[in-house]
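A.B. asks:
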Amino acid sequence: MKRATAEIKGKDLVIHLSEPLNMDHIETVTGNTDRFWVDYDVADTRQLTDKQRRLFFALMGDIGRWSGEEPEWLRKYYFYPLFAERMLKPVSLSSQSDSTISDVNVLIDMVIDFIFEYDVPINAAYSLLPRDEEHFLYQCCRHRKCTICGRHADIHHLDTVGSGVNRKHVDHTKRHVMALCRFHHQEYHTLGGAEFSRKYHIPITGIKLDTDTLRKIGVQGDYSEEK
-5 MKRATAEIKG KDLVIHLSEP LNMDHIETVT GNTDRFWVDY DVADTRQLTD KQRRLFFALM
55 GDIGRWSGEE PEWLRKYYFY PLFAERMLKP VSLSSQSDST ISDVNVLIDM VIDFIFEYDV
115 PINAAYSLLP RDEEHFLYQC CRHRKCTICG RHADIHHLDT VGSGVNRKHV DHTKRHVMAL
175 CRFHHQEYHT LGGAEFSRKY HIPITGIKLD TDTLRKIGVQ GDYSEEK
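Position 7 (the sequence shown) corresponds to 1 in the numbering used here; numbering is contiguous.
1. Please report the straight-line C-alpha distance between Thr205 and Ser89, rounded to a whole angstrom.
2. Considering only residues of the segment -5 to 69, which uninterrupted beta strand (DSSP E) runs meet the minimum length of 3 residues and lie entirely inside it, listed in chain order?
3. State the beta-bridge partners of Ile106 as determined by DSSP.
4. For Tyr182 versus Ile142, is the C-beta distance shorter than 7 Å?
5. Assuming Leu185 is part of the alpha helix (DSSP H), what are its boundary residues?
6. Per the contact definition of three or more C-beta pairs closer than 8 Å, is the segment 87 to 103 in contact with the segment 40 to 51?
7. Check whether the Cβ atoms of Asp38 and Ile95 sit closer than 7 Å, and answer yes or no.
8. Sort out for me which residues DSSP pairs Val114 with in a bridge.
9. What first and last residue would you give for the alpha helix (DSSP H) that runs through His170?
10. Any idea if Gly25 is buried or exposed, counting beta-carbon neighbours within 10 angstroms, 16 or more meaning buried?
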């Protein structure tokens, strides 16, 4: 991910890049260099929060206990350089830091990716995980970890599929899903979506997954209309 600044001029969004575009790569991907699509996120430039700081250090503590490495070593020589490589800037979590909420969210997402990739047991940090963020919900689905407790989970639809409907004939990209273990899936139906969402501070709608992700995690369906 590369960072850039932008300004609004009428209905136009003017992007100022930190480095030149790789036009050879763009031509390879899109077939031309004069017109192509871009995605963008609006950065939250407020200073990082204490909640973010607590979550990061709790996650690092769990990784340290799992790996046998000192959390400080992992932070300084693994995650901080990885962040700088992606963002082209250093990051700091000190109280005097000028790192933003968006900066630290990228760092935390990298740590969460590491935890899911290597199946790191997270005990101290689990209650602090950002269950309201799409990236965490996505990783729970991708690795079939319960969004609430971390146990093995199934992918459950939060909107009704319909009784008697063969799920192999459903386009699951159009359905809202969430990874829940059997206990929390039952609790979801007992409490109802709204109360379950309030209790665990998660979005009531869950997320939608793309075709590639659904196929990778073994959710069979009718994806004949995919583009």
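All C-beta atoms in this analysis are idealised placements derived from N, C-alpha and C, irrespective of residue type, glycine included. It should be emphasised that the depicted structure is a prediction, and the values quoted were computed from it without experimental measurement.
C.D. replies: According to the structure shown:
1. 42 Å
2. -2 to 3 and 6 to 11
3. DSSP output for Ile106 lists no bridge partner at all.
4. No, Cβ-Cβ distance for Tyr182 and Ile142 is not below 7 Å.
5. Arg176 to Leu185
6. yes
7. yes
8. Val114 pairs with nothing; no bridge assigned.
9. For His170, there is no enclosing alpha helix (DSSP H), as DSSP marks it with neither H nor E.
10. exposed
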